[in-house]
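>
In my numbering, the protein residues as written are 114 to 1118.
1) Could you spell out the range, first to last residue, of the beta strand (DSSP E) harbouring residue 649?
2) In whole angstroms, give me the CA-to-CA distance for residue 1119 and residue 986.
3) With DSSP as the reference, label residue 487 as helix, strand or coil.
4) Is the separation between the beta-carbon of residue 327 and that of residue 581 shorter than 8 Å?
5) Go ahead and label residue 551 buried or exposed: buried means 16 or more other beta carbons lie within 10 angstroms of its beta carbon, across all protein chains shown.
6) Let me know if residue 923 comes out buried or exposed under the rule of 16 or more other beta-carbons within 10 Å of its beta-carbon.
7) Please name the residue, chosen from 222, 262, 185, 658, that lies closest to residue 380 on a Cα-to-Cα basis.
8) Buried or exposed: residue 840, going by 16 or more other Cβ atoms within 10 Å of its Cβ?
9) Between which residues of its own chain and residue 854 is the CB-CB distance below 7 Å, once the five residues before and five after are set aside?
10) Taking DSSP as the reference, what is the three-state secondary structure of residue 578?
11) Tell me which residue opens and which closes the beta strand (DSSP E) that residue 759 is part of.
12) Assuming residue 1078 and residue 995 make a contact with CB atoms under 8 Å, what is their CB distance in whole Å?
13) Can you give the Cα-Cα distance for residue 224 and residue 857, rounded to whole angstroms?
14) Over what stretch of residues does the beta strand (DSSP E) that includes residue 187 continue unbroken?
15) Residue 1038: which of 1058, 1016, 749 sits nearest, CA to CA?
16) Count the other CB atoms within 10 Å of the CB of residue 166; is the residue buried (16 or more) or exposed (fewer)?
17) Residue 461 and residue 393 look like a contact to me (Cβ under 8 Å); what is the Cβ gap, rounded to whole Å?
18) Quick one: residues in its chain with C-beta nearer than 6 Å to the C-beta of residue 140, no 5 flanking neighbours on either side, listed in chain order?
19) Please classify residue 902 as buried or exposed, where buried requires at least 16 neighbouring CB atoms within 10 angstroms.
20) Contact check, residue 663 vs residue 386 under 8 Å by CB: the rounded distance?
21) Give me the Cα-Cα distance between residue 444 and residue 650, rounded to the nearest whole angstrom.
22) What are the residues that DSSP puts in a beta bridge with residue 1098?
23) Smallest Cα separation from residue 210: which of 560, 988, 439, 1013?
24) Taking residue 430 as the reference, which of 317, 320, 197, 1107 has the closest Cα?
25) For residue 280, report the span of its alpha helix (DSSP H) as first-last.
26) According to DSSP, is residue 251 helix, strand or coil?
27) How big is the Cα-Cα spacing for residue 832 and residue 1045?
28) Here's the rule: buried if 16 or more other CB atoms are within 10 angstroms of the residue's CB, otherwise exposed. What is residue 909?
29) Select from 880, 566, 886, 525 the residue whose C-alpha is nearest the C-alpha of residue 231.
30) Would you say residue 568 and residue 653 are within 8 Å of each other, going by their C-beta atoms?
31) Using 8 Å as the threshold, is the stretch 861-875 in touch with the stretch 762-778, meaning 3 or more CB pairs across them?
32) Can you tell me whether residue 1043 is buried or exposed? The criterion is at least 16 other CB atoms within 10 Å of its CB, across all chains shown.
33) Going by DSSP, which residues form a beta bridge with residue 428?
34) Flag residue 867 as yes if its beta-carbon sits less than 8 Å from any beta-carbon of chain C, otherwise no.
35) Starting from residue 104, trace the beta strand (DSSP E) in both directions and tell me its first and last residue.
36) If you run the structure through DSSP and keep just helix, strand and coil, what is residue 404?
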């Protein structure tokens, strides 16, 4: 049957008139002018720019906007112009809020899916009443009249004239004329507040009325027969039984379901979603809109698909009927797509349309107000937005305000999805004419799931997907999925090992977006008919509500009903990809998002085009609604591995990347590597409280450090491994608490490859070994014939070291704890420790990169039946081995603690040469009195010469063994297990002046 197309709509490129007027008029602007300053967003972004010392001195907050590209300044803004502002406050403890979101999103954490109750945010994380009062008083003192603080305490509204705002915030205002002759205003300086309150303010929104927000849908292709337009109204009042295949308006259009468009039933089938009249029952989903909704179009769609879904409206900063009517084929199309897509996929759910002023006149303040209302109302479990603006033109004040609002949503268990944009890799192009790589906000926000777009086609039983890019196919359109790297937000933990980018990568996922294979909708076009007409549409505006529907269906399923709603989606999404990628996601591996410039190319696994891919709802629901689990705790016994097992090696993809698609990219600066411990390498799948890892960095790019901690908990201000330059290979042992999800996190502040080898693990039972601390004793020193009948350096040879019966190690010991030191090295090399007679492992314990290196590392080695361990030297070096304890059936159990820095002499005075420092252990970090030993990572930095450090129990004699050795100028870390004196203290001695840091990981006894 021939396809029948009404002549009115043309190719579905960018929708005419869908953007606000300000966005439209800047499209032709010169690329020589930058639109707005791009600022790295932080929780507290106040930056001093002048003023004098003292609490009342003014402090600038953020930066001033620049004149938009192609615009010209036309003079000062009229002093009587009314401004509607919000002074946005930081949470009382931003890090605690971030940690809480992580905890409620991590299976096995005691807080998993224990979200904040409605209205609870203010009392738990909102600014204190004292802070609110202090900021309000500062505003009053400046001559302003602050309004009532928002219910969550995050925003203080202020209405003021330009004259009053100029005086209060120490900034001027100027008008700017855009290319079409319209006029906006901007503040000329970053706003200033007294220093004593500036740190509590993340930004002031509303000082400018420039806004470039836009919806992300294509133009509509009509599906109407010309002869059928007149009779549409009777159809809208005659609903029939639920029909996910749609009605004759579409089925008789000449277009083919699965080829030219996707009906709700066909779309649900492709993504393994449920297709029924009750799908999503008991759930509520909210949509963000900046235009009027056409109720008649929604009713026509419900009639066509046979549904009776509840759709309600909440008006924010506007009223019902205000704004442009949704009758011109442009206004109302976005809301029709969002709502009708949800009706088709989750007809059993309730939909709330949160509507702000028209996009043509909406300010950043209006945008913030709508999002804020959606979150503080806390009526919807899922929030979907198909609107956004280029990150590069959004002010830092607006971005910061959004970030806190979306963090609040995550703390309450609300999932937020956002379209990633339709301009490919150049998201700013339609606003500034810039072809530079840029991404869309809020899709790039850390607490939002960014949704990209695909082209999908079904032929028989086979459905295929590729990147949506109408620029590179035969359609001649200009739309493509948005994606790239944020210019604002730091790398996020959940993308570690999957998106190897220096900042947050976008999108996270994708779904159908191509208008030529897109979504059937009803919409109003009065130039064609007085009644709603059928059509087809695309854009990432369709992909976002499709993912929202997938989450709604998951929340309504039995697993989420038992284990709690999904909440913040991204942690669960990326965990699902690591554990079982092919089961949970439909990988999109072809195409690119090059539209206005060369963009990114789809590939196997994650990419900055389609993210992780599209949902396979059946498998994904099990991961998103995972059982709560329980973290093992309490006194623990040790289980050594007969040979170290490699859990992570970023060089070859071991434990790095997706479950089926490893990555070989290094860990980026500021990046985190989640490492699965339980169920890997012979480690049990549950009951593990801690793990002993040998961490190695190689191919370093500069000085840096690694921090290890339990996944789903707060990253501590500690370190486990430190290095001082590029091209180094260096290792250190770390005992790390294991989270309830069986994962530990490894963070680095400098780009490097990272390796993690497990030496053994602790479990919360009595089946393993206990530890006995010894006074450190030297068992081997090749420099002076200790433990070996030679004093020459060892080159590519094995040393047989007798352990049992030496240094206090009894015959019943099963494993020994040695501090190994390589010194006077020649070239690069490494040491390996293993039970004598066993196969030499592929994992190393001590590494060095250059001649003249002195470097230690703590190792735990099983003892062979002959009482010996073997030390293999690859390269040339002297070797020292000091024993500090052993594991056996006797001794004491181990307890993990939250990593904490107990000592940092950089804040006081360096430890002088020949001096001893006593450190209190008992009573710190919940460590009880009477403990026998403590597990510490000790670091020396700011070394003034070659030297060594020895640790021992306070009150005992200083041993002749050492724990750390170094040469001048190096920063060296090593794990030590130190006996604790009866007074609860340990002692540190150094023979060379240096700063000393000590971080605790656990205790014995």
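Built from N, CA and C at the ideal position, the CB exists for glycine as well. As the structure is a prediction and not an experimental result, all values here were calculated from the model.
If we stick to the structure as given:
1) As a working note, residue 649 is residue 536 in the chain shown. Where residue 649 is concerned, the enclosing beta strand (DSSP E) stretches over 646-650.
2) Here the chain covers residues 114 to 1118 and nothing more, so residue 1119 does not appear.
3) The residue given as residue 487 occupies position 374 in the chain shown. Note: residue 487 maps to helix in three-state DSSP.
4) Start at 1 with the first residue of the chain shown, and residue 327 comes out as number 214. Start at 1 with the first residue of the chain shown, and residue 581 comes out as number 468. Cβ distance not < 8 Å, so residue 327 and residue 581 don't count as in contact.
5) By 1-based counting over the chain shown, the position of residue 551 is 438. Buried, because 16 or more other Cβ atoms sit within 10 Å of the Cβ of residue 551.
6) If you number the chain shown from 1, residue 923 lands on position 810. Label assigned to residue 923: exposed.
7) For this step, residue 380 is matched to residue 267 along the chain shown. Of the listed residues, the one whose Cα sits closest to residue 380 is 658.
8) On the chain shown, residue 840 is found 727 positions in, with the first residue counted as 1. The residue in question, residue 840, is exposed, as its Cβ has fewer than 16 Cβ neighbours within 10 Å.
9) Position 741 of the chain shown, counted from the start, is the residue given in the question as residue 854. Excluding residues within five positions, the ones whose Cβ falls inside 7 Å are 219, 220, 221, 742, 824, 825.
10) Your numbering for residue 578 matches position 465 in the chain shown. The answer is strand: DSSP assigns residue 578 an E or B state.
11) By 1-based counting over the chain shown, the position of residue 759 is 646. That run of the beta strand (DSSP E) goes 750-762.
12) Here residue 1078 corresponds to residue number 965 of the chain shown, with the count starting at 1. Here residue 995 corresponds to residue number 882 of the chain shown, with the count starting at 1. Between residue 995 and residue 1078 the Cβ distance is about 10 Å, and since that is not below 8 Å, they are no contact.
13) Reading the chain shown from its first residue, position 111 is the one you call residue 224. Reading the chain shown from its first residue, position 744 is the one you call residue 857. Taking the straight line from one Cα to the other gives about 17 Å.
14) Against the chain shown, residue 187 aligns to sequence position 74. 185-189 is the extent of the beta strand (DSSP E) around residue 187.
15) Residue mapping note: residue 1038 aligns to position 925 of the chain shown, counting from 1. For the set 1058, 1016, 749, the Cα lying nearest the Cα of residue 1038 is the one of 1016.
16) Working through the chain shown from its first residue, we reach residue 166 at position 53. Unreliable placement is indicated for residue 166, whose pLDDT of 44 sits below 50; no coordinate value is reported for it.
17) Here the question's residue 461 lines up with position 348 in the chain shown. Here the question's residue 393 lines up with position 280 in the chain shown. The pair is a contact, with the Cβ atoms about 5 Å apart (cut-off 8 Å).
18) Position 27 of the chain shown, counted from the start, is the residue given in the question as residue 140. Residue confidence is low: residue 140 scores 23 on pLDDT, short of 50, so the model does not pin down where it sits. No coordinate-derived value is stated.
19) Numbered from 1 along the chain shown, position 789 holds the residue referred to as residue 902. It counts as exposed.
20) Counting from 1 along the chain shown, the entry for residue 663 is found at position 550. Counting from 1 along the chain shown, the entry for residue 386 is found at position 273. Their Cβ separation, rounded to whole angstroms, is 6 Å, which keeps residue 663 and residue 386 in contact under 8 Å.
21) Reading the chain shown from its first residue, position 331 is the one you call residue 444. Reading the chain shown from its first residue, position 537 is the one you call residue 650. Rounded to the nearest angstrom, the two C-alpha atoms are 14 Å apart.
22) By 1-based counting over the chain shown, the position of residue 1098 is 985. Residue 1098 is bridged to 1033.
23) Translated into positions along the chain shown, residue 210 becomes position 97. Of 560, 988, 439, 1013, the residue nearest in Cα terms is 560.
24) To locate residue 430, count along the chain shown from 1; it is residue 317. When each option's Cα is compared against that of residue 430, the closest is 197.
25) Position 167 of the chain shown, counted from the first residue, corresponds to residue 280. From DSSP, the alpha helix (DSSP H) with residue 280 extends over 275-282.
26) Within the chain shown, the letter at position 138 stands for residue 251. Note: residue 251 maps to helix in three-state DSSP.
27) The residue you call residue 832 lines up with position 719 of the chain shown. The residue you call residue 1045 lines up with position 932 of the chain shown. Straight-line spacing of the CA atoms in residue 832 and residue 1045 works out to 24 Å.
28) By one-based count along the chain shown, residue 909 stands at place 796. With fewer than 16 other Cβ atoms within 10 Å, it is exposed.
29) For the purposes of this step, residue 231 is identified with residue 118 of the chain shown, where counting begins at 1. It is 525 whose Cα lies nearest to the Cα of residue 231.
30) For this step, residue 568 is matched to residue 455 along the chain shown. For this step, residue 653 is matched to residue 540 along the chain shown. Cβ atoms of residue 568 and residue 653: not closer than 8 Å.
31) yes
32) The count along the chain shown starts at 1 and reaches residue 1043 at position 930. Looking at its Cβ environment, which holds fewer than 16 other Cβ atoms inside 10 Å, residue 1043 is exposed.
33) As a first step, residue 428 must be located in the chain shown, where it is residue number 315. Among the bridge pairs identified by DSSP, residue 428 is matched with 468.
34) The displayed structure is made up of one protein chain only, and chain C is not part of it.
35) The first residue shown for the chain is 114 and the last is 1118, placing residue 104 beyond what the model contains.
36) The count along the chain shown starts at 1 and reaches residue 404 at position 291. Residue 404 carries a coil assignment under DSSP once its states are collapsed to helix, strand and coil.
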